[in-house]
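Just so you know, the sequence shown maps onto residues 20 to 418 in the working numbering. For glycine and all other residues, C-beta sits at the position ideal for the given N, C-alpha and C. The block underneath contains the structure these notes are about, expressed in structure tokens.
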Amino acid sequence: MTKPSLPSLLALSLCAALAACTGTVSTGGDRAATGASTPASGSPDAATTAPNGMRVTEVATGLVHPWAVALLPDGGFLVTERGGTLRRVGADGAVSAPLSGVPTVWAQGQGGLLDVVLAPDFAQSQRIYLSYSEAGEDGTAGTAVATATLGATGLTDVRRIYQQQPKLEGPNHFGSRIAFDGAGHVFISQGERNDRPSSQKLDMLQGKLVRLNLDGSVPQDNPFVGRADARPEIWSYGHRNMQGMAVDPASGKVWQSEHGPRGGDELNIPQPGKNYGWPVVTHGINYSGLKIPEAVGKEAPGMEPPHHVWEVSPGLSGMAFYRGRDGAAWNDSLFLGALAQRAVIRLSLDGDRITGEERLLEDRGERIRDVRVGADGNVYVVTDEKDGKLLKIEPPKAG
Ligand SMILES: [Ca+2]
């Protein structure tokens with residue numbers, strides 16, 4: 020008796036569920052694989068069901084440029100708005116008044132209140148982590164991270180645990196995401212503040228992935244600890260604007276996404292002390308259409324190639340792994356928000372290997388700023404709009 024293995028059955032059912040199943044790594048602007056093509060517009064309250072069985076519900080609307088969503092154990096949400104407000108959204112979709120106690124943010128350009136995540140011990144401590152841009156002297160600004168205790172209507176015991184140094188002028192490329200490795204460390208992604216050369220300078224924190232202990236102190240096993248010419252907070256360098264980051268629960272590895280210039284959005288799995296190339300190696304060019312002045316090409320000695328690259332930029336934002344749900348249609352996926360291409364990207368994973376790409380919510384035409392996966396097996400996203408939304412995506416049924 021020959022029976023197909025469970026993995027192949029799952030693969031078959033997944034392929035059957037999708038309008039197209041490429042089975043290969045998608046590069047460039049390949050937007051061929053679209054599973055959910057039924058228009059989802061209509062009544063804002065109505066759940067819509069796509070042909071693959073995926074169901075999309077508007078949980079909340081009226082959020083002003085929401086930047087991140089954290090999923091609370093009670094079924095509710097915390098949502099940051101870039102302008103500097105943090106709100107609770109109830110499981111029923113009720114949006115609270117702004118919570119008190121949020122740090123003052125520098126809300127200009129791409130700066131403002133950015134990421135929000137729950138501390139690893141949130142159930143006991145009620146602590147949260149926020150990233151944001153803060154003002155420096157003489158019109159400068161930089162990325163910062165604070166922790167705080169979450170109460171019903173506000174934050175208390177707010178402690179700043181990280182400040183990007185030095186602060187620079189300009190309203191662009193603050194990152195930023197926060198992720199925990201489950202081993203007592205917090206990773207903070209940030210941008211190079213549109214100051215390209217700084218990504219290669221080890222005495223500056225722009226364009227660096229930073230690794231700290233949960234209280235903000237520097238782990239003594241960080242790669243540049245003890246070097247007089249380098250900042251000890253640095254985990255990896257040569258990054259552009261890292262607006263997505265997540266730790267893979269299957270491997271414990273941190274993954275980050277970064278905007279390329281024009282073309283060349285990347286996924287990396289940063290290793291300690293390694294150089295990820297910006298602006299010396301890149302698959303992109305300047306938005307002006309001109310070559311990046313420092314660029315030598317797509318590779319160079321001593322510089323790590325991206326784990327995955329999109330030659331046409333989706334405009335990557337938040338990301339989340341979908342793991343450990345045997346039998347679920349979307350098990351072993353990585354979800355990424357796309358701002359420019361206005362979609363949710365679902366990558367199929369085999370370990371670290373990317374085996375397929377699908378686009379979701381393209382029909383809605385909304386800039387996707389953040390993606391999270393709930394304990395309930397659903398995917399939650401926020402849209403970067405003046406009338407921003409929190410959406411719930413229920414996966415298609417497996418098999
Ligand atoms: Ca790179």
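Limits of the alpha helix (DSSP H) - the one that residue i falls within
i, result
"F193", "That residue, F193, is in no alpha helix (DSSP H); it is neither H nor E in DSSP."
"Q239", "First-last for Q239: undefined, no H or E at that position."
"A142", "F141 to S144"
Any non-hydrogen atom of ligand 1 closer than 7 angstroms to residue i Cβ
i, result
"G296", "yes"
"P280", "no"
"V300", "yes"
"P117", "no"
"G226", "no"
"E330", "no"
Environment of residue i [buried if 16+ CB atoms lie within 10 Å]
i, result
"L309", "exposed"
"A265", "buried"
"Q209", "buried"
"E318", "exposed"
"D134", "buried"
"V300", "buried"
"A171", "exposed"
"Y391", "Contrary to the premise, residue 391 reads as Arg rather than Tyr in this sequence. That one is buried."
Neighbourhood of residue i by C-beta distance below 6 angstroms, restricted to the same chain and skipping five residues each side
i, result
"A394", "none"
"L187", "T159, R212 and D214"
"P415", "A36, N71, G72, M73 and A348"
"G341", "It should be pointed out that residue 341 corresponds to Tyr in this sequence rather than to Gly. Around Y341: W349, S352 and V392."
"L169", "Q145 and I147"
"E432", "Given a span of 20 to 418 for the chain in the structure shown, any question on residue 432 remains unanswerable."
Same chain, Cβ closer than 7 angstroms to residue i, five either side skipped, listed in chain order
i, result
"G407", "L82, V83, H84, P85 and V401"
"L286", "W274, S276, P325, H326 and H327"
"P63", "Any answer about P63 is weak, because its pLDDT of 46 lies below 50 and its placement is not dependable; what the coordinates show is given next. These residues qualify, in order along the chain: E77 and T80."
"L90", "F96, R391, G393 and Y399"
Selected residue, minimal CA-CA separation from residue i, among the options
i, options, result
"D157", "V135, G189 and T175", "G189"
"P333", "S367, R388 and W297", "R388"
"Y181", "F340, R378 and S236", "S236"
"K220", "F243, G112, F206 and G94", "F243"
"M422", "N260, Y341 and D248", "Since the displayed the chain opens at 20 and closes at 418, residue 422 lies outside it and no answer follows."
"L380", "G396, D371 and I412", "I412"
"D369", "P117, G384, V363 and G343", "G343"
"D93", "D176, F141 and A339", "F141"
"V363", "D345, G384 and G346", "G384"
"G203", "N232, P298 and L410", "N232"
"Q290", "W254, N260 and G283", "W254"
"S115", "Q184, T123, R106 and A126", "R106"
"N191", "R281, G128 and T162", "G128"
"N260", "A314, E252, M338 and W297", "W297"
Cut-off 8 angstroms between Cβ atoms - residues of its own chain near residue i, not counting five sequence neighbours on either side
i, result
"S367", "L33, D351, S352, I373, T374, G375, E376 and E377"
"L358", "P333, G334, L335, S336, R386, I387, R388 and D403"
Beta strand (DSSP E) segment containing residue i, residue limits
i, result
"N232", "L228 to N232"
"V75", "R74 to L82"
"N260", "N260 to V266"
"D176", "L174 to Q182"
"R372", "R372 to L379"
"R388", "I387 to V392"
"A165", "A160 to L169"
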